[in-house]
Every structure is written in structure tokens, then in C-alpha cells.
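S.K.: Provided herewith is a single structure, encoded as C-alpha cells, for subsequent inquiry.
Protein chains: 2
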Amino acid sequence: MHSFTDLVASFESRFTASLPFPQTPETIYDPCRYLLQLGGKRIRPVLCLMANELFEDISEDAWSAAFGIELLHNFTLIHDDIMDKAPLRRGKPTIHHKYGLTAGILCGDVMCIYAYEELAKIKKSLPQVLQLFNRTAIEICEGQQLDMDFEHRNDVSIGDYIHMITLKTSVLLACSLKMGAIAGGGLGDSANKLYAFGKNMGLAFQLQDDYLDAFGDTVKLGKQNGGDIKANKKTYLLIKALENADVTQKKEIEKLLKEDTESKVPGMLELYSKTKADIQCREAVAQYSKMAFDCLEDVAIPAKRKHPLLELANYLLMREF
Amino acid sequence: MHSFTDLVASFESRFTASLPFPQTPETIYDPCRYLLQLGGKRIRPVLCLMANELFEDISEDAWSAAFGIELLHNFTLIHDDIMDKAPLRRGKPTIHHKYGLTAGILCGDVMCIYAYEELAKIKKSLPQVLQLFNRTAIEICEGQQLDMDFEHRNDVSIGDYIHMITLKTSVLLACSLKMGAIAGGGLGDSANKLYAFGKNMGLAFQLQDDYLDAFGDTVKLGKQNGGDIKANKKTYLLIKALENADVTQKKEIEKLLKEDTESKVPGMLELYSKTKADIQCREAVAQYSKMAFDCLEDVAIPAKRKHPLLELANYLLMREF
Numbered sequence: 004m005h006s007f008t009d010l011v012a013s014f015e016s017r018f019t020a021s022l023p024f025p026q027t028p029e030t031i032y033d034p035c036r037y038l039l040q041l042g043g044k045r046i047r048p049v050l051c052l053m054a055n056e057l058f059e060d061i062s063e064d065a066w067s068a069a070f071g072i073e074l075l076h077n078f079t080l081i082h083d084d085i086m087d088k089a090p091l092r093r094g095k096p097t098i099h100h101k102y103g104l105t106a107g108i109l110c111g112d113v114m115c116i117y118a119y120e121e122l123a124k125i126k127k128s129l130p131q132v133l134q135l136f137n138r139t140a141i142e143i144c145e146g147q148q149l150d151m152d153f154e155h156r157n158d159v160s161i162g163d164y165i166h167m168i169t170l171k172t173s174v175l176l177a178c179s180l181k182m183g184a185i186a187g188g189g190l191g192d193s194a195n196k197l198y199a200f201g202k203n204m205g206l207a208f209q210l211q212d213d214y215l216d217a218f219g220d221t222v223k224l225g226k227q228n229g230g231d232i233k234a235n236k237k238t239y240l241l242i243k244a245l246e247n248a249d250v251t252q253k254k255e256i257e258k259l260l261k262e263d264t265e266s267k268v269p270g271m272l273e274l275y276s277k278t279k280a281d282i283q284c285r286e287a288v289a290q291y292s293k294m295a296f297d298c299l300e301d302v303a304i305p306a307k308r309k310h311p312l313l314e315l316a317n318y319l320l321m322r323e324f
Numbered sequence: 004m005h006s007f008t009d010l011v012a013s014f015e016s017r018f019t020a021s022l023p024f025p026q027t028p029e030t031i032y033d034p035c036r037y038l039l040q041l042g043g044k045r046i047r048p049v050l051c052l053m054a055n056e057l058f059e060d061i062s063e064d065a066w067s068a069a070f071g072i073e074l075l076h077n078f079t080l081i082h083d084d085i086m087d088k089a090p091l092r093r094g095k096p097t098i099h100h101k102y103g104l105t106a107g108i109l110c111g112d113v114m115c116i117y118a119y120e121e122l123a124k125i126k127k128s129l130p131q132v133l134q135l136f137n138r139t140a141i142e143i144c145e146g147q148q149l150d151m152d153f154e155h156r157n158d159v160s161i162g163d164y165i166h167m168i169t170l171k172t173s174v175l176l177a178c179s180l181k182m183g184a185i186a187g188g189g190l191g192d193s194a195n196k197l198y199a200f201g202k203n204m205g206l207a208f209q210l211q212d213d214y215l216d217a218f219g220d221t222v223k224l225g226k227q228n229g230g231d232i233k234a235n236k237k238t239y240l241l242i243k244a245l246e247n248a249d250v251t252q253k254k255e256i257e258k259l260l261k262e263d264t265e266s267k268v269p270g271m272l273e274l275y276s277k278t279k280a281d282i283q284c285r286e287a288v289a290q291y292s293k294m295a296f297d298c299l300e301d302v303a304i305p306a307k308r309k310h311p312l313l314e315l316a317n318y319l320l321m322r323e324f
């Protein structure tokens, strides 16, 4: 079994050494190479490789699936960054910011299709892998659309929010694991348990991210906290605070949402605490984490083989608050 | 054998009756339905069905391929329209114009993935079909990128231009035919001849389009001519005129390119004629048309079975000048 660190390193060297793009037209492929060589955590392809290694020595099919997943993920990031008007990704200018809107759109498009070119190399269970991948990619688009829609809505419930982050974030982690399992001949039940493990882990991770953005240690995070608050982003914390607030608190929250002052972040944090949204967010993280670990435990494979997956889940979920 | 008109009607009713999108999120799927229900000529899916019918009764696999092709084509139109800042498509507002940039990007993305969902239903020769489709989709992106690049370049040769329109326009016609043939068990040579037929037909069609935009009968075209000239678009005519022009003519062309006057279109048309770019464009149309019909003739299938394909090619290429 390979450790998390080993697999990240193997993926990194194999992936960047064999990027599928030709030299020309360089106006489309240079930006693609630029983004992919900035790195990234490579969590998703590594989950695929780990899930595969539960069942067999990592196969060529699993590598093709892992490449396809990483390309799909980056395609969605390129287009999301356009829609979010994000200037930076991985600490460097985003593609549309550096090369313009046309490059942003076309590089995303071509990267999506290269993802399918990697998948098309899969020999075993191609139709099943393709169906899962398609379903997941559709869900990611739907999740992004819902996220955009939420900006203009004032009636987003916790249920709506969980549904949105499930689609936007969790299903790709889940799909990565299941694709690795299918490529390794993993039986239906194991593959489905791994899928549920990834889905719950993704939810726990996203909710933790919401919490850390508000209450995280600025030094450890490497960025100022309160970014979501400043942007009026509808996070678990804000939705829950509005849900729990009494009439006075609700008015205070709504007043702060209209403000752009120094006191906005500390004011909102105080309201998150007063309404107990902070505690409930931490409880939700713990609850989804527990469900994730329970699902992993249920996979009918000797416990020691699951060690790398546990290690990765701990890395993602046990970050200090 | 079904006629062109029959197949367009069958495709239209089957496709619009079974669009693959769910009801929600309506913010992503309403614009998709809007565009697809505006119609379009449906040339590409019909080519796929016709090529399939050369070899067998039209199969479910061929229908899946035809659906996938039409979805891919519309995905590229949605994103091209954003890049071209086009307000209208099929006489109605484009998606990004009617619903905004986010909808334009995401509807394109999700439509591309639904194209793959249709393909994934194919039972026979899925890996071959998928590889051809991927290769073609990549080429279309490259063609669009080159087209965008050409706007800022002053050294585009006829060879560059033919390469660009091959990628942007012709390969999808070629791919549509070859996919229909592969789905029908068409042998390699027949499938490749059909591919070449489509490629040459696409080139002839695009060059004819360039010619008609400049010299076409305004009444028959249903639009003012000279649109490409007004937009300084690098067409076969402009590139060829610059190539053929003597020093004085070249200066006149360059002067007109900087103008935005009433006399720009008639002035440029006169120069296209003086430099014989007009005649050479018509000759190129005739030459690619001949190559197309020769390729179709070479397909080892009784001539009468090819009648619908001939009918469609004639419809596309024999438009009055």
C-alpha cells in the first residue's frame, strides 16, 4: 500500500510529465499547461488511486481515471473562476485574468474534452465508468448553477445549501473513489460504500471550510478570515444564524449584510456565536465526519489496507480549528 | 432509404420530444431547452443517420450518436456566441444575451456533458466512437481558438485559413458521417471515405458562405451582404485579395480596412473582383465540391443507397450564387 504522500508525489510527477496537450495552437494550450503546472492538492486523483489499491495493484485504467478526474476538476475551476470573477487561483492569476475571457472559456472546454480522452483509454468497465463520470460532471454544473442562483435568493434553507455543496463539491470526491473501485473490480457494495464515504467527507470538509473562514486561526490559514462574511456569501453559518435568530438578531444580521465597515466581520461573528450557528456548524462537521468514517469502516476490505484513505481523511478533516 | 426531408423531420420530433434535461435547476436547463427548441438545420445528426443507413436500418446506436453530435454542436455554438459577442442565433437572442454570462458558460458546459451521456448509451464500438468524438471536439476548440487568434494577426495565409475552417467547421460534418458508419459496422475504408466526403463538403460549404456573404443575392440570403467586410473578417476573399493585390491595390484594401463608411462594402467588392479573389473563391468551392462528390462515389456501396447523401450535399453546395 502506498501512503498519501507517496501517491501525491507519484501522481504529480506522472501527470505533469505527460500532460496530453500538443504544442500548438499555443494560445489554447499554454494557458492549460500554466494552470496544471501550478499544482494543487491532487486530492481527487489520489482518492481514485487509493480506492483502486484497495482491490489490486494500481492499474493503468486507474491512472487514466485519475488523469481524467484531475482534468475535469481543473476544467470546472477555470470556468468557476470566470463566473466568480476570481483574480487568483493557487496564488497566481486565473486563466481568464492572465489570458482573457476567450482563453478562459476555450481552455476550460478543451480540458473537459481531454478528460474524456483519458477516460476513453480505460479498458475495463468503460461504460460504467463513463456513466458515473457523466452523472458527476452534470451534478457539478448543477451545483455551480445553484451556487450562482443563491447569490440572488433570500430563502436558501440549510437543506438547499447542503444539496448545493453536495453537487458542487462532494460528488466529485465520491466519484473519484468509486471510479478507482470500479477500475479495480470492486464489487457494487464496496464501490457504493466508498462513494458514500467520499460524499460525507466532502460535506464535512466544506462545512469545516465555512467555519474556518469565519473562526479559523489567521496565521495557520495563511489568509485573513471573514472573507465569506465580507462577500455576503451564503454559508452554513449565515443561513443557520438567520434560521436561529430572534427578531432583534435577525434585524442586526440584515443590517450588517448591507454594511461594508470594519465592524462587519466582528459583528457577524458575534451574531454567529449568539445564535449558536457556530456550535451547530461544528456539530454538523463532526456528524458528517462520523458518517464518512463509518462508511469507510463498512467497506469489506481488511482494515490495514484502508490506512492511506484514513490518513487522507484525517488530513482533510482533522485540521485544527 | 429515407430522404433528407424525412430524416430531418424524424430527428426533429424525436430529439425535441426526448431532450435529456430534467426540470430543475431551471436556471440551467430552461436556457438549454430554449436554444434547442429554436431548431437549426440539423445537418450533422442527419448526416450521421444517413451514413448509418448506408449499412443497416437506422439503429438505436446511430440515434444516440446523432443526439450526441447535435448536443456537442449546440454546446460549441453557445460558447462561440459568447466569444463572438453575438446577440442573435437562429434569429433569436443568444443564451448569454438573454440569460447572462454565467448561464452561457454553464449551459454550454452541461450540454457538452449531456452529449457524452448520449454517447455512453452506445453498445457497439463505443471506444472507437468515443475516440473519434473526442478528437473532433478537441479540433473544434482548436479551430475556434485559431479563428479568435486570426483577428489579431496580419499574416494569415490561405493555408492557415483552410486549416482553421477545417477544424472549426469541417471535421464535425466528417465525424458525423464516420460515426454513423462505425455504428453501422461500416468497414474502415468506407468510414474513412465518408469522413473525407464530409471534410471536403464542409470546406466547400464554408468557402461558398464566404462568397455569398460578399456577393450573394440579398433577397435570397434574407440578409444584407457584406457583413464579413464590415467586420474586417479574415475570409478566403480578403486573404486571397491581399495575396493577389499589386502595391496600389494592397494600399486600397488596407485603407478600406480602416474605414467605416458607406463605400466600404462596394469598394472592397470591387477590389475582390479586380484581384480575381472572387473567381478563385468560386473555383475553390468547385474544387472542394468535386473532391467531396468523388469521395462519396468511392464508398463501396450501391449508388442508389447514396441518394439521400447526394441530395443533402446538393442542398448544401448548389445554392445559387
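As they're listed, the protein sequences go chains A and B. Remember, our numbering sits 3 above the position in the first sequence when you count from 1. Remember, our numbering sits 3 above the position in the second sequence when you count from 1. In this text, a Cβ means the ideal position worked out from N, Cα and C, and glycines have one as well. A quick note: this is a predicted structure, and the numbers were derived from the prediction, not measured.
Strictly by DSSP, which residues pair up with arginine 92/A?
M.R.: Position 89 of the first sequence, counting from 1, holds the residue named residue 92/A. According to DSSP, which records beta bridges pairwise, arginine 92/A is partnered with Lys95/A.
S.K.: List, in order along the chain, the chain B residues whose C-beta lies closer than 7 angstroms to that of tyrosine 102/A?
M.R.: On the first sequence, residue 102/A is found 99 positions in, with the first residue counted as 1. By Cβ distance, chain B contributes nothing, its closest Cβ being about 11 angstroms from tyrosine 102/A, past 7 angstroms.
S.K.: Work out the CA separation of isoleucine 72/B and aspartate 212/A for me, nearest whole Å.
M.R.: The residue you call residue 212/A lines up with position 209 of the first sequence. The residue you call residue 72/B lines up with position 69 of the second sequence. About 40 angstroms.
S.K.: Nearest to leucine 206/A by alpha carbon, out of Gly188/A, Ile46/A and Thr169/A?
M.R.: Residue numbering aside, residue 206/A sits at position 203 when the first sequence is read from its first letter. Closest by alpha carbon: Thr169/A.
S.K.: If we count the other Cβ atoms within 10 Å of its Cβ and call it buried at 16 or more, is valine 288/A buried or exposed?
M.R.: Sequence index remark: in the first sequence, residue 288/A carries index 285 (1-based). Valine 288/A comes out buried.
S.K.: If we require 4 or more residues per run, which alpha helix (DSSP H) segments fall completely within the stretch 250-306 of chain A?
M.R.: Those alpha helix (DSSP H) runs which fall completely within the stretch 250-306 of chain A and span 4+ residues are 250-261, 267-277 and 280-301.
S.K.: Classify threonine 8/A as helix, strand or coil using the three-state DSSP reduction.
M.R.: Residue 8/A sits at position 5 when you count from the first residue of the first sequence. Threonine 8/A falls in the helix class under three-state DSSP.
S.K.: Interface residues of chain B around methionine 151/A at Cβ under 7 angstroms?
M.R.: Translated into the one-based positions of the first sequence, residue 151/A becomes position 148. The contacting residues are Thr105.
S.K.: Return the residues of the stretch 54-88 of chain A that lie within a Cβ-Cβ distance of less than 7 angstroms from chain B, sorted by chain order.
M.R.: Going along the stretch 54-88 of chain A in chain order, one finds His82, Ile85 and Met86 with a Cβ nearer than 7 angstroms to chain B.
S.K.: When you compare the CB positions of glycine 201/A and leucine 180/A, do they come within less than 9 angstroms of one another, or not?
M.R.: Within the first sequence, numbered from 1, the residue matching residue 201/A stands at position 198. Within the first sequence, numbered from 1, the residue matching residue 180/A stands at position 177. Contact flag set, yes.
S.K.: DSSP on proline 25/A, reduced to helix/strand/coil?
M.R.: Residue 25/A sits at position 22 when you count from the first residue of the first sequence. Correct three-state label for proline 25/A: coil.
S.K.: Which residue's Cα is closest to the Cα of asparagine 137/B: Thr8/B, Leu149/B, Ala118/B and Gly94/B?
M.R.: As a working note, residue 137/B is residue 134 in the second sequence. For asparagine 137/B, the nearest C-alpha among the options comes from Ala118/B.
S.K.: Helix, strand or coil, according to DSSP, for alanine 248/B in the structure here?
M.R.: To locate residue 248/B, count along the second sequence from 1; it is residue 245. Alanine 248/B: coil per DSSP, three-state reduction.
S.K.: Kindly indicate which residue of Glu262/B, Ser128/B, Thr172/B and Gly191/B has the alpha-carbon position closest to the one of cysteine 83/B.
M.R.: Taking the second sequence and counting its residues from 1, one reaches residue 83/B at position 80. Checking the displayed sequence, the identity of residue 83/B turns out to be aspartate instead of cysteine. Closest option to aspartate 83/B, Cα to Cα, is Thr172/B.
S.K.: Give the list of continuous beta strand (DSSP E) stretches no shorter than 3 residues that lie fully inside the stretch 97-127 of chain B.
M.R.: Listed in chain order, nothing qualifies, since the stretch 97-127 of chain B has no complete beta strand (DSSP E) run of 3 or more residues.
S.K.: Could you pull out every residue in the same chain whose Cβ sits closer than 6 angstroms to the Cβ of methionine 53/B, ignoring the five residues on either side in sequence?
M.R.: Counting from 1 along the second sequence, the entry for residue 53/B is found at position 50. Pro311 and Leu312, listed in sequence order.
S.K.: Looking at chain A, is there any beta carbon in it that lies within less than 9 angstroms of the beta carbon of glutamine 252/B?
M.R.: Reading the second sequence from its first residue, position 249 is the one you call residue 252/B. So no, glutamine 252/B is outside the interface.
S.K.: Does the contact criterion of 3 or more C-beta pairs under 8 angstroms hold for the stretch 107-117 of chain A versus the stretch 122-129 of chain B?
M.R.: Taking 8 angstroms as the limit for Cβ pairs, the verdict is that the stretch 122-129 of chain B does not touch the stretch 107-117 of chain A.
S.K.: Alpha carbons only, please: which of Arg92/B, Asp64/B, Lys309/B and Asp192/B is nearest the one belonging to lysine 44/B?
M.R.: As a working mapping, residue 44/B is identified with position 41 in the second sequence. Measuring from the Cα of lysine 44/B, the nearest candidate turns out to be Arg92/B.
S.K.: Please report the straight-line C-alpha distance between asparagine 317/B and isoleucine 116/A, rounded to a whole angstrom.
M.R.: In the second sequence, counting from the first residue as 1, residue 317/B sits at position 314. In the first sequence, counting from the first residue as 1, residue 116/A sits at position 113. Approximately 33 angstroms between the Cα atoms of the pair.
S.K.: Thinking just about the alpha-carbon of each residue, which of Glu265/B, Ser276/B, Gly219/B and Asp152/B is nearest to the one in isoleucine 31/A?
M.R.: Here the question's residue 31/A lines up with position 28 in the first sequence. Nearest C-alpha to isoleucine 31/A: Asp152/B.
S.K.: Let me confirm a value: asparagine 55/A is counted as buried when at least 16 other C-beta atoms fall within 10 Å, else exposed. Which label applies?
M.R.: Working through the first sequence from its first residue, we reach residue 55/A at position 52. So asparagine 55/A counts as buried.
S.K.: From which residue to which residue does the alpha helix (DSSP H) around aspartate 87/A run?
M.R.: Within the first sequence, the letter at position 84 stands for residue 87/A. Neither: aspartate 87/A is in no alpha helix (DSSP H) and is coded neither H nor E.
S.K.: Hey, how far is the Cα of asparagine 235/A from the Cα of aspartate 87/A?
M.R.: Numbered from its first residue, the first sequence carries residue 235/A at position 232. Numbered from its first residue, the first sequence carries residue 87/A at position 84. Going from the Cα of asparagine 235/A to the Cα of aspartate 87/A covers about 13 angstroms.
S.K.: Would you say threonine 187/A lies against chain B (beta-carbon separation less than 9 angstroms)?
M.R.: Translated into the one-based positions of the first sequence, residue 187/A becomes position 184. In the sequence as displayed, the identity of residue 187/A is glycine instead of threonine. For glycine 187/A, the answer is no, since every Cβ of chain B falls outside 9 angstroms of its Cβ.
S.K.: Give the single residue among Leu320/B, Glu246/B and Tyr37/B whose Cα lies nearest to the Cα of proline 162/B.
M.R.: Numbered from its first residue, the second sequence carries residue 162/B at position 159. Just to set this straight, residue 162/B is glycine in the shown sequence, not proline. The option with the nearest alpha carbon to glycine 162/B is Glu246/B.
S.K.: Given a cut-off of 9 angstroms on the beta-carbon distance, is the pair cysteine 298/B and asparagine 203/B in contact?
M.R.: Translated into the one-based positions of the second sequence, residue 298/B becomes position 295. Translated into the one-based positions of the second sequence, residue 203/B becomes position 200. In this structure, asparagine 203/B lies closer than 9 angstroms to cysteine 298/B by Cβ.
S.K.: When you compare the CB positions of aspartate 281/A and alanine 184/A, do they come within less than 9 angstroms of one another, or not?
M.R.: Walking along the first sequence from the start, residue 281/A turns up at place 278. Walking along the first sequence from the start, residue 184/A turns up at place 181. No.
S.K.: Ignore the nearest five residues each way along the sequence and tell me which others in leucine 260/B's own chain have a CB closer than 6 angstroms to its CB.
M.R.: Within the second sequence, residue 260/B is the residue found at index 257, counting from 1. Taken in chain order, the residues that qualify are Asn235.
S.K.: Once you ignore the five residues that flank alanine 65/A on each side, which residues in its own chain have a CB closer than 7 angstroms to its CB?
M.R.: Here residue 65/A refers to the residue found at position 62 of the first sequence. Within the same chain, alanine 65/A has close Cβ partners Cys51, Leu52, Asn55, Gly183, Ala186 and Gly187.
S.K.: Under 9 angstroms, Cβ to Cβ, is there at least one residue of chain A near phenylalanine 324/B?
M.R.: Position 321 of the second sequence, counted from the first residue, corresponds to residue 324/B. Note that phenylalanine 324/B has pLDDT 41, beneath the 50 cutoff, so the model's placement of it is unreliable and no number is given.
S.K.: Please report the residue range of the alpha helix (DSSP H) in which threonine 360/B lies.
M.R.: Because chain B in this structure spans residues 4 to 324, residue 360/B falls outside the shown range and cannot be described.
S.K.: Quick one: give me the first and last residue of the alpha helix (DSSP H) that asparagine 228/B is part of.
M.R.: If you number the second sequence from 1, residue 228/B lands on position 225. Looking at the DSSP string, asparagine 228/B is not in any alpha helix (DSSP H), and its letter there is neither H nor E.
S.K.: Could you tell me whether any Cβ in chain A is nearer than 9 angstroms to the Cβ of threonine 264/B?
M.R.: Walking along the second sequence from the start, residue 264/B turns up at place 261. Answer no: the Cβ-Cβ gap between threonine 264/B and chain A never drops below 9 angstroms.
S.K.: Starting from the N-terminal side, write out each stretch of the alpha helix (DSSP H) that is 4 residues or longer and does not extend beyond the stretch 14-81 of chain A.
M.R.: Counting only runs of 4 or more, we get 29-39 and 46-56.
S.K.: Counting along the chain, where does the alpha helix (DSSP H) carrying valine 174/B start and finish?
M.R.: As a first step, residue 174/B is located in the second sequence; it is residue number 171 there, counting from the start. Per DSSP, valine 174/B belongs to the alpha helix (DSSP H) from 174-186.
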